[in-house]
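A.B. asks: I'd like to ask some things about the structure below.
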Amino acid sequence: MGASPDTRIGGPLSTGRGPGWAELAKAVALRVPPAEIETIYAFRASKRDGREWGTAVVTRRAEGEPRLRVYTARYMLIVRGKERGRSKVEVEEVALSPAEVLNDVMQAAADRTGDAEPPITVERSAWYEG
45 MGASPDTRIG GPLSTGRGPG WAELAKAVAL RVPPAEIETI YAFRASKRDG
95 REWGTAVVTR RAEGEPRLRV YTARYMLIVR GKERGRSKVE VEEVALSPAE
145 VLNDVMQAAA DRTGDAEPPI TVERSAWYEG
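Here the numbering used here is used: the first residue of the sequence shown is 45, the next is one more, and so on.
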């Protein structure tokens with residue numbers, strides 16, 4: 045997902061923060077207790093046609109296993125028009141993975157989508173207090 049400023053609907057996006065990300069954080073917390081989150085990888089969001097899309101990969105230590113449970117979390121937020129503020133979010137468990145390979149997997153995902161940068165790591169405290 046590439047993201048460049050869209051002058052029709054605002055300036056550059058802040059990866060991992062903002063209204064769409066806040067909705068995504070709420071949805072993630074329903075599936076994964078925030079205290080159990082190991083890492084949050086946020087891909088750069090994109091805006092077009094009055095909508096904003098964002099994707100994060102969230103990892104959680106699998107109970108009794110050395111591997112991490114991996115979740116893909118996505119949101120779409122309407123940022124203009126009469127439906128402004130409405131969003132759609134989805135959180136799906138997609139893998140069980142050794143922690144050592146996740147950085148390589150995140151870089152490969154960025155490469156496949158044409159994004160020049162890998163996702164950033166967002167501190168759990170940026171989404172959840174305490």
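By construction, the Cβ of each residue, glycine as well, lies at the ideal position given by its N, Cα and C atoms. Just so we're clear, the structure is a prediction, and the values are computed from it rather than from any experiment.
Looking at S141: is its Cβ nearer than 8 Å to the Cβ of R168?
C.D. replies: No. Outside cutoff.
A.B. asks: Can you check DSSP and say which residues form a bridge with R105?
C.D. replies: R105 is bridged to L112.
A.B. asks: Taking the alpha-carbon of A89 as reference, which of E107, G60, A106, P78 has the nearest alpha-carbon?
C.D. replies: Among E107, G60, A106, P78, the Cα nearest to that of A89 belongs to G60.
A.B. asks: Can you find the residues in the same chain that come closer than 6 Å, C-beta to C-beta, to V72, ignoring five residues on each side of it along the sequence?
C.D. replies: Closer than 6 Å at the Cβ level, and outside the excluded window around V72, lie V102, A117, V135.
A.B. asks: Does DSSP put T59 in a helix, a strand or coil?
C.D. replies: If DSSP states are grouped into helix, strand and coil, T59 belongs with coil.
A.B. asks: Leaving aside the five residues before and after E127 along the sequence, list all residues of the same chain whose C-beta is less than 7 Å from its C-beta, in chain order.
C.D. replies: Excluding sequence neighbours, E127 sits near nothing in its chain.
A.B. asks: Taking all protein chains shown into account, do 16 or more other C-beta atoms lie within 10 angstroms of the C-beta of G98, making it buried, or fewer, making it exposed?
C.D. replies: G98 comes out buried.
A.B. asks: Taking the continuous alpha helix (DSSP H) assigned at V149, which residues delimit it?
C.D. replies: Counting along the chain, the alpha helix (DSSP H) containing V149 begins and ends at 146-157.
A.B. asks: Considering only C-alpha positions, which residue in the set V114, E96, R113, L146 is nearest to I122?
C.D. replies: Checked all of V114, E96, R113, L146; the closest Cα to I122 is E96.
A.B. asks: Among A79, E80, R104, which has the Cα closest to the Cα of V138?
C.D. replies: Checked all of A79, E80, R104; the closest Cα to V138 is R104.
A.B. asks: Do Y119 and E67 come within 8 Å of each other at the CB atom, strictly closer than that value?
C.D. replies: Yes, Cβ-Cβ distance for E67 and Y119 is below 8 Å.
A.B. asks: Once DSSP output is grouped into helix, strand and coil, what is the label at R92?
C.D. replies: It is a strand residue.
A.B. asks: Using 10 angstroms around the beta-carbon of T51, count the other beta-carbons present and answer buried if the total reaches 16, otherwise exposed.
C.D. replies: Its pLDDT being 36, under 50, T51 is placed unreliably by the model, and the measurement read from it follows with that caveat. Exposed: under 16 other Cβ atoms inside 10 Å.
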